[in-house]
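Chains as they are written, first to last, in the numbering used here: chain Y, 1 to 114; chain L, 1 to 114.
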């Protein structure tokens with residue numbers, strides 16, 4: 001069965017620090033990869049996605065992620081975090097086909113101290 | 001246009017009662033998904049609709065859970081004889097069908113079973 005593993009459950013950083021959140025998935029076929037973000041009191045929003053092509057994808061708010069197929073990884077990065085990046089971050093995977101149900105990691109809670 | 005709308009936003013019920021949760025997807029979105037977000041469990045897929053049919057119900061945790069979709073639009077998730085372990089945030093997402101389409105999420109219904 002497909003599964004998604006996020007390595008960091010809680011991360012605390014100071015503003016301007018660099019961020020990298022790990023995500024690994026288990027599935028040998030063609031996958032689509034996503035990072036969603038949930039700011040306090042808000043609903044889930046798409047941060048970035050990978051479907052095909054350039055494995056380095058850029059999303060909103062300066063985030064980027066790199067798909068490394070050989071490592072089954074899709075790590076999220078940001079060079080310099082801001083207090084407003086405080087949120088819960090979720091990595092998710094689905095397969096090609098009509099049923100695109102998302103399989104989720106457990107999430108990473110990021111707190112950025114001003 | 002409006003996003004995905006869910007109602008009620010909060011629901012408190014007594015153990016053993018039935019509850020209905022409603023989802024209004026984005027207009028024109030043919031695919032609709034229900035997920036559950038529980039403390040310590042992360043996000044779990046419940047059911048997928050394509051139009052009015054549900055080709056994948058594999059995530060429904062028990063036969064107390066059912067869902068329907070009418071007119072290719074509104075969906076209702078029903079939980080019969082609620083149990084305390086049903087307490088969670090129930091999320092609905094909708095998308096267009098086909099490669100590359102993104103799921104847009106509602107704000108969720110927070111269900112508390114006392």
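Built from N, CA and C at the ideal position, the CB exists for glycine as well.
Discussion item. According to DSSP, simplified to helix, strand and coil, what is residue 85 of chain L?
Written reply: helix
Worksheet entry | Proximal chain Y residues relative to residue 102 of chain L, where beta-carbon distance stays under 7 Å | 46 and 49
Worksheet item: Does the region 6-16 of chain L come within contact of the region 104-114 of chain L, defined as at least 3 CB pairs closer than 8 Å?
Response: yes
Discussion item. Given this structure, state the Cα-to-Cα distance separating residue 38 of chain Y from residue 27 of chain Y, to the nearest angstrom.
Written reply: 25 Å
Worksheet item: Listing by chain order, which chain Y residues have their CB less than 7 Å from the CB of residue 90 of chain L?
Response: Near residue 90 of chain L there are no residues of chain Y at all, since even the closest Cβ is about 12 Å away, more than 7 Å.
Worksheet item: What are the partner residues of residue 22 of chain L, as DSSP defines its beta bridges?
Response: L:7 and L:76
Fill in: DSSP state of residue 112 of chain L mapped onto helix, strand, coil
strand
Item to complete: For residue 64 of chain Y, collect the residues of the same chain with a Cβ closer than 6 Å to its Cβ; drop the 5 residues on either side in sequence, then sort them by chain order.
Response: 58 and 77
Discussion item. Nearest by alpha-carbon distance to residue 19 of chain Y: which of Y:83, Y:49, Y:106 and Y:34 is it?
Written reply: Y:83
Worksheet item: Quick one: what does DSSP say residue 58 of chain Y is sitting in, helix, strand or coil?
Response: Correct three-state label for residue 58 of chain Y: strand.
Worksheet item: Quick one: is residue 8 of chain L near chain Y, going by C-beta distance under 8 Å?
Response: So no, residue 8 of chain L is outside the interface.
Discussion item. Taking the straight line between their C-alpha atoms, what separation do you get for residue 30 of chain L and residue 44 of chain Y?
Written reply: The straight-line gap from Cα to Cα measures roughly 20 Å.
Fill in: Cross-strand partners of residue 87 of chain Y (DSSP beta bridge)
Y:110
Fill in: Three CB pairs or more closer than 8 Å across the region 18-28 of chain L and the region 53-63 of chain L
no
Practice prompt. Say whether chain L places a C-beta atom closer than 8 Å to the C-beta of residue 107 of chain Y.
Written response: yes
Worksheet item: What are the start and end residues of the beta strand (DSSP E) that includes residue 77 of chain Y?
Response: First-last of the beta strand (DSSP E) with residue 77 of chain Y: 73-78.
Worksheet item: Can you pull the DSSP bridge partners for residue 34 of chain Y?
Response: Note: residue 34 of chain Y sits in a beta bridge opposite Y:49 and Y:92.
Discussion item. Taking 8 Å as the threshold (beta carbon to beta carbon), is residue 61 of chain Y in contact with chain L?
Written reply: no
Practice prompt. Hey, could you find the ends of the beta strand (DSSP E) residue 81 of chain Y is sitting in?
Written response: Per DSSP, residue 81 of chain Y belongs to no beta strand (DSSP E) and is neither H nor E.
Worksheet item: Is residue 104 of chain Y near residue 42 of chain L, with beta carbons less than 8 Å apart?
Response: Taking C-beta atoms as the reference points, residue 104 of chain Y and residue 42 of chain L count as a pair closer than 8 Å.
Item to complete: Would you list the one or two residues that DSSP bridges to residue 50 of chain L?
Response: L:31 and L:53
Worksheet item: Is there contact here, the region 1-21 of chain Y with the region 86-106 of chain Y, by at least three beta-carbon pairs under 8 Å?
Response: Under the 8 Å Cβ criterion, the region 1-21 of chain Y counts as touching the region 86-106 of chain Y, having at least three qualifying pairs.
Item to complete: Can you check DSSP and say which residues form a bridge with residue 21 of chain Y?
Response: Y:76
Worksheet item: Within 8 Å (strictly less), CB to CB, does residue 8 of chain Y reach chain L?
Response: no
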